[in-house]
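As you go down the protein sequences, you meet chains A and B in turn. If you use the numbering used here, the first sequence corresponds to residues 23 to 435, in order. If you use the numbering used here, the second sequence corresponds to residues 23 to 435, in order. Idealized CB from N, CA, C, for every residue including glycine. Note that this is a predicted model, so its numbers are computed, not measured. These notes are about the structure you will find just below.
Protein chains: 2
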Amino acid sequence: MIEPLNKGIGLLEQEATAEEIVGRGWNLLREDLSLPAAVLYRERIEHNVKWMQRFIDAYGVKLAPHGKTTMAPKLFDMQLKGGAWGITLATAHQVLVAHAHGVRRVLMANQLVGKQNMRMIAEILADPEFEFYCLVDSAANVDQLAEHFRDRGARLKVLLELGVTGGRCGVRDDEQLKQVVAALDRARGSVDLCGIELYEGVLKDEESIRTFLRRGCEGMKRLMAEGEFSRQPALISGAGSAWYDVVAEEFAAAGFSDAVEIVLRPGCYLTHDVGNYETQQQRILKSNPIAREMRSGLVPALHIWTYVQSIPEPDLAVVAMGRRDAAFDSGLPKPALHYRPGSSEPQATPAHWEVTKLMDQHGYMKISAADDVRIGDMIGFDISHPCLTFDKWRVLSVLDESYKVVDVVKTYF
Amino acid sequence: MIEPLNKGIGLLEQEATAEEIVGRGWNLLREDLSLPAAVLYRERIEHNVKWMQRFIDAYGVKLAPHGKTTMAPKLFDMQLKGGAWGITLATAHQVLVAHAHGVRRVLMANQLVGKQNMRMIAEILADPEFEFYCLVDSAANVDQLAEHFRDRGARLKVLLELGVTGGRCGVRDDEQLKQVVAALDRARGSVDLCGIELYEGVLKDEESIRTFLRRGCEGMKRLMAEGEFSRQPALISGAGSAWYDVVAEEFAAAGFSDAVEIVLRPGCYLTHDVGNYETQQQRILKSNPIAREMRSGLVPALHIWTYVQSIPEPDLAVVAMGRRDAAFDSGLPKPALHYRPGSSEPQATPAHWEVTKLMDQHGYMKISAADDVRIGDMIGFDISHPCLTFDKWRVLSVLDESYKVVDVVKTYF
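The following block contains the structure:
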């Protein structure tokens with residue numbers, strides 16, 4: 023049910039299902055939505071889902087899209103129906119949300135810490151159809167997990183996280199790895215090691231990423247040879263939204279055969295962006311043979327639409343969109359479409375329009391004095407960093423190519 | 023009703039009222055909440071409400087706290103019961119939320135633009151007990167408002183916004199002002215001018231702020247003399263969370279008598295912070311005679327609590343708190359309290375602990391190799407910028423001094 027007091031939708035007298043809302047025939051261009059509004063373009067989302075699944079399939083690996091990006095169970099469902107192996111998540115709360123919405127396989131690419139978080143996971147593990155993995159990178163955490171899950175007579179499946187010096191979590195060297203494996207040996211039956219995980223996104227250049235990935239593959243083979251894994255096939259997982267091509271290449275080239283399942287975890291591909299991920303996509307389209315062959319790439323599928331509310335200086339349009347509405351941590355939103363209510367269709371914005379600053383609820387858009395811009399004009403903005411844009415919206419309208427609302431998606435941040 | 027799938031609360035089998043949740047006796051230190059969690063300290067919030075109201079009363083002015091900070095109707099209610107004149111908001115959506123929760127006087131310190139937003143406001147103006155003001159700074163916007171509200175047979179009360187070159191919205195000079203006033207003269211009966219508004223927070227030094235405020239007072243007197251205001255007393259409003267002392271001084275010193283109601287709009291005072299607003303508060307406590315006399319100041323009343331999840335290097339503790347959980351746009355969170363589950367009470371963190379980086383779901387906390395920190399330890403973080411912290415949480419637990427949950431507050435972002 024969609025509640026009436028959400029921003030970015032039309033006026034609802036009471037809560038309504040997405041279907042009821044679609045039945046109202048709301049159209050963005052007819053100003054049926056209260057702006058600012060975050061919207062998803064259905065055709066573009068569907069294209070991105072197919073693009074990534076084709077890419078992943080071509081490498082013979084598995085896709086567990088990072089669901090923390092959208093936290094929208096309807097989009098999880100679309101990804102799973104599109105061929106995804108499971109959903110990746112980051113916190114116990116996120117796992118709870120996914121499980122409650124029918125997701126049946128989750129890789130929590132994070133440590134599980136704290137009594138209440140362990141309890142939440144233990145409760146949903148009582149569902150025999152729910153398959154769940156989380157990460158460990160310390161003996162202390164393994165011991166805590168073992169105690170909690172043993173007391174409940176439950177079993178927890180984990181992946182051992184590898185990390186790099188200066189990076190985030192993950193064991194840095196063989197000595198640390200040995201300690202965690204020793205703790206896992208003690209914990210067997212309560213905490214079962216099923217594979218290895220790493221997140222290459224903390225590194226910034228391809229060479230060090232490839233080195234790290236090869237270390238992961240070697241570690242995988244060693245632990246496999248030592249009989250440390252409780253799962254057949256064992257799992258190896260890597261890949262954020264920027265370097266999934268390199269991870270696919272390295273893992274696929276490691277020659278694991280059927281003894282290993284390779285799981286990649288990009289998340290931002292679903293809506294893509296015009297910032298960091300577009301830069302990475304350009305690199306991939308140039309350098310990756312499979313991406314080149316596909317002759318298309320990911321497309322930006324998320325816009326924030328809002329109004330010009332003030333033009334107090336000839337080269338400044340203040341728009342009703344701020345840090346509460348769009349990510350600003352890796353590039354500001356970029357004007358993409360300009361629509362004057364009553365006109366036939368949105369036009370591409372001139373290249374010189376630029377957001378120069380965001381406050382909590384306002385954006386500063388640089389224009390030229392000669393531009394035809396009026397108060398009440400609608401502007402559609404591309405964004406950088408989908409994750410920190412999605413989490414500012416509790417509902418997003420899904421539009422078709424005529425800007426009609428064809429679905430409404432709820433988020434659970 | 024509090025829904026089960028919110029982050030930062032304990033395990034709920036189904037939705038529950040705040041009272042039912044309080045009845046469960048949850049305590050942060052007993053790990054009854056899933057961390058990360060945002061918590062408010064009841065005594066500190068109450069102190070801040072009283073402090074600001076006393077300060078405002080001492081100047082004989084009115085308080086309309088900016089509700090965009092918290093978007094928590096329960097906190098609006100606390101502010102109104104504490105003596106506030108009304109609630110300030112920034113968007114039509116926010117006004118809808120406040121009205122639905124019983125707020126009866128709202129200053130929307132922003133332009134009202136767009137068909138659906140105007141429609142939302144027009145619908146709630148049908149409530150005769152609802153008093154509402156918004157801003158205008160252009161003839162174009164006045165004309166649009168006049169058309170919309172005249173068509174509905176409704177009347178809209180507005181304040182004329184003054185601005186400064188290089189600032190945000192608001193008329194820059196007399197020529198612009200004249201055009202807006204002319205449009206308002208045409209619109210009278212549908213759009214009624216009730217006063218003047220400015221936001222001094224776009225300026226950075228006291229001298230230019232005082233100059234701007236005096237310009238506001240002069241404009242006020244001029245428009246009053248010209249009989250432009252439909253409201254007796256007319257309204258003048260200014261003040262964000264940083265310079266409310268200077269605004270109170272200047273407006274109170276303008277000698278308006280009873281012909282003018284002065285309304286100030288700080289918002290962040292409710293929870294305060296340890297960043298920019300604490301810096302400003304130190305200035306106020308030093309320079310403002312009334313604040314000096316009160317012998318206390320605002321206190322930080324909002325913490326993000328989370329766990330240490332990994333200590334992969336001797337001087338790095340990774341904590342389960344990221345950009346999804348705390349503001350990072352004007353200073354990173356600061357470690358404040360350290361609690362080991364099972365121990366007697368939280369201890370102040372050593373001064374050398376520091377958050378050096380936030381990713382989406384993780385924080386990097388610098389420690390020393392010799393520190394007694396363990397995986398599973400709980401850390402309470404102070405924050406900078408309450409606005410961009412609140413909007414990451416749909417529910418916040420309110421704690422008493424023993425860390426017991428004594429209320430649960432919902433937000434509507």
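So who's on the other strand from M23/B, going by DSSP bridges?
Taking the first residue of the second sequence as 1, we reach residue 23/B at position 1. BP columns for M23/B are empty, so no partner.
Between V128/B and P408/B, what straight-line distance do the alpha-carbon atoms span, to the nearest angstrom?
Along the second sequence, one-based indexing puts residue 128/B at 106. Along the second sequence, one-based indexing puts residue 408/B at 386. Whole-angstrom Cα-Cα distance: 21 Å.
Ordered list of alpha helix (DSSP H) runs contained in the stretch 52-92 of chain A, each at least 4 residues
64-80
Proximity below 8 Å, CB of D404/B to CB of V268/B
Start at 1 with the first residue of the second sequence, and residue 404/B comes out as number 382. Start at 1 with the first residue of the second sequence, and residue 268/B comes out as number 246. No, the pair does not count as a contact, with Cβ atoms beyond the cut-off.
Could you check the C-alpha separation between L421/A and Y63/A for me, to the nearest Å?
Reading the first sequence from its first residue, position 399 is the one you call residue 421/A. Reading the first sequence from its first residue, position 41 is the one you call residue 63/A. Distance between the alpha carbons of L421/A and Y63/A is about 5 Å.
Rounded C-beta distance between L33/B and Q138/A? I'm assuming under 8 Å.
Counted from its first residue, the second sequence places residue 33/B at position 11. Counted from its first residue, the first sequence places residue 138/A at position 116. Confirmed, about 7 Å.
Quick one: is G175/B buried, meaning 16 or more other Cβ sit within 10 Å of its Cβ, or exposed?
The residue you call residue 175/B lines up with position 153 of the second sequence. Exposed, since its Cβ has fewer than 16 Cβ neighbours within 10 Å.
Can you name the residues of chain B whose CB is closer than 8 Å to the CB of L33/A?
The residue you call residue 33/A lines up with position 11 of the first sequence. The contacting residues are Q138, R141, M142 and E145.
Contact check, G136/B vs Y329/A under 8 Å by CB: the rounded distance?
Taking the second sequence and counting its residues from 1, one reaches residue 136/B at position 114. Taking the first sequence and counting its residues from 1, one reaches residue 329/A at position 307. With 8 Å as the limit, G136/B and Y329/A qualify as a contact, their Cβ atoms being about 5 Å apart.
With I218/B and L184/B assumed to form a contact (beta carbons below 8 Å), what rounded beta-carbon distance in angstroms separates them?
If you number the second sequence from 1, residue 218/B lands on position 196. If you number the second sequence from 1, residue 184/B lands on position 162. 6 Å between Cβ atoms; contact.
Please classify G297/A: does DSSP put it in a helix, a strand, or coil?
Translated into the one-based positions of the first sequence, residue 297/A becomes position 275. In this structure, G297/A counts as coil in the three-state DSSP scheme.
Can the beta-carbon of A307/A be found less than 8 Å from the beta-carbon of G289/A?
Within the first sequence, residue 307/A is the residue found at index 285, counting from 1. Within the first sequence, residue 289/A is the residue found at index 267, counting from 1. Checking the displayed sequence, the identity of residue 307/A turns out to be Leu instead of Ala. Contact flag unset, no.
In angstroms with no decimal places, state the Cα-to-Cα distance between Q369/A and A94/A.
As a working mapping, residue 369/A is identified with position 347 in the first sequence. As a working mapping, residue 94/A is identified with position 72 in the first sequence. Between Q369/A and A94/A, the C-alpha separation is close to 30 Å.
Given that a residue counts as buried once 16 or more other Cβ atoms are within 10 Å of its Cβ, and exposed if not, what is A313/A?
Residue numbering aside, residue 313/A sits at position 291 when the first sequence is read from its first letter. The residue in question, A313/A, is buried, as its Cβ has 16 or more Cβ neighbours within 10 Å.
Counting along the chain, where does the beta strand (DSSP E) carrying H360/A start and finish?
Mapped onto the first sequence, residue 360/A falls at position 338. Note, H360/A: beta strand (DSSP E), K356 to Y361.
Would you say K90/A reaches chain B, if we count a Cβ-Cβ gap shorter than 8 Å as a contact?
Locating residue 90/A in the first sequence gives position 68, counting from the first residue. Answer yes: the Cβ-Cβ gap between K90/A and chain B drops below 8 Å somewhere.
Name, please, each residue of chain B whose Cβ falls closer than 9 Å to the Cβ of H294/A.
Residue mapping note: residue 294/A aligns to position 272 of the first sequence, counting from 1. The contacting residues do not exist; H294/A stays about 17 Å from chain B at best.
Here's the rule I'm using: 16 or more other beta-carbon atoms within 10 Å means buried, otherwise exposed. How should R287/B be labelled?
As a first step, residue 287/B is located in the second sequence; it is residue number 265 there, counting from the start. By the 10 Å Cβ count, R287/B comes out buried.
Which of the residues in the stretch 338-353 of chain A, read from start to end, lie with their CB under 8 Å from any CB of chain B?
V340, A342, R345, R346, F350 and D351
What are the residues in the stretch 382-406 of chain B lying within 7 Å of chain A by C-beta distance?
D382, Q383, H384, R396, I397 and G398
Does the beta-carbon of E367/B have 16 or more other beta-carbons within 10 angstroms, so that it is buried, or is it exposed?
By 1-based counting over the second sequence, the position of residue 367/B is 345. Exposed is the call here.
Please specify which runs of the beta strand (DSSP E), each continuous and at least 3 residues long, are wholly inside the stretch 218-295 of chain A, giving them in chain order.
256-260 and 282-286
Q198/B lies in the alpha helix (DSSP H); which residues open and close that run?
Walking along the second sequence from the start, residue 198/B turns up at place 176. Its alpha helix (DSSP H) spans residues D196 to A209.
Quick check: the Cα distance between A391/A and E335/A, rounded to an integer number of angstroms?
By one-based count along the first sequence, residue 391/A stands at place 369. By one-based count along the first sequence, residue 335/A stands at place 313. Between A391/A and E335/A, the C-alpha separation is close to 8 Å.
Where does K414/B sit, in a helix, a strand or coil, going by DSSP?
If you number the second sequence from 1, residue 414/B lands on position 392. K414/B falls in the coil class under three-state DSSP.
Using a Cβ-Cβ cut-off of 8 Å, state whether L57/A counts as contacting chain B.
For the purposes of this step, residue 57/A is identified with residue 35 of the first sequence, where counting begins at 1. Yes, because at least one Cβ of chain B sits closer than 8 Å to the Cβ of L57/A.
From the beta carbon of Q166/A, is the nearest beta carbon of chain B less than 8 Å away?
Within the first sequence, residue 166/A is the residue found at index 144, counting from 1. Taking Cβ atoms only, chain B reaches closer than 8 Å to Q166/A, which makes this a yes.
Rounded Cβ spacing between L147/B and V180/B (contact assumed at less than 8 Å):
Taking the second sequence and counting its residues from 1, the one referred to as residue 147/B is at position 125. Taking the second sequence and counting its residues from 1, the one referred to as residue 180/B is at position 158. At roughly 12 Å, the Cβ-Cβ gap does not stay under 8 Å, so L147/B and V180/B are not in contact.
For S406/A, which option in G89/A, R172/A, E423/A and A358/A has the closest C-alpha, if you only look at C-alpha atoms?
Against the first sequence, residue 406/A aligns to sequence position 384. Comparing Cα-Cα distances from S406/A to each of G89/A, R172/A, E423/A and A358/A, the minimum goes to A358/A.
Take the Cβ of R416/B as the centre, count every other Cβ of all protein chains shown within 10 Å, and call the residue buried at 16 or more, exposed below.
Stepping through the second sequence from its first residue, residue 416/B is reached at position 394. That one is buried.
Give the range of the alpha helix (DSSP H) segment to which K436/B is assigned.
Not covered by the structure: residue 436/B. The range shown for chain B is 23 to 435.
For a cutoff of 8 Å on Cβ pairs, would you count A112/B as touching chain A?
Reading the second sequence from its first residue, position 90 is the one you call residue 112/B. Answer yes: the Cβ-Cβ gap between A112/B and chain A drops below 8 Å somewhere.
Within its chain, find whatever has a CB closer than 7 Å to the CB of Q331/A; leave out the 5 residues flanking it on each side and keep chain order.
Residue 331/A sits at position 309 when you count from the first residue of the first sequence. Result list for Q331/A: V340, V341, A342 and I397, in chain order.
Quick check: the stretch 422-431 of chain B against the stretch 103-120 of chain B, are there 3 or more CB pairs under 8 Å?
no
Would you mind sorting M100/B into buried or exposed? The rule is 16 or more other CB atoms within 10 Å of its CB.
As a first step, residue 100/B is located in the second sequence; it is residue number 78 there, counting from the start. Buried: at least 16 other Cβ atoms inside 10 Å.
Tell me the DSSP secondary structure of S332/A in three-state form.
In the first sequence, the residue the question calls residue 332/A occupies position 310. Reduced to three states, the DSSP call for S332/A is strand.
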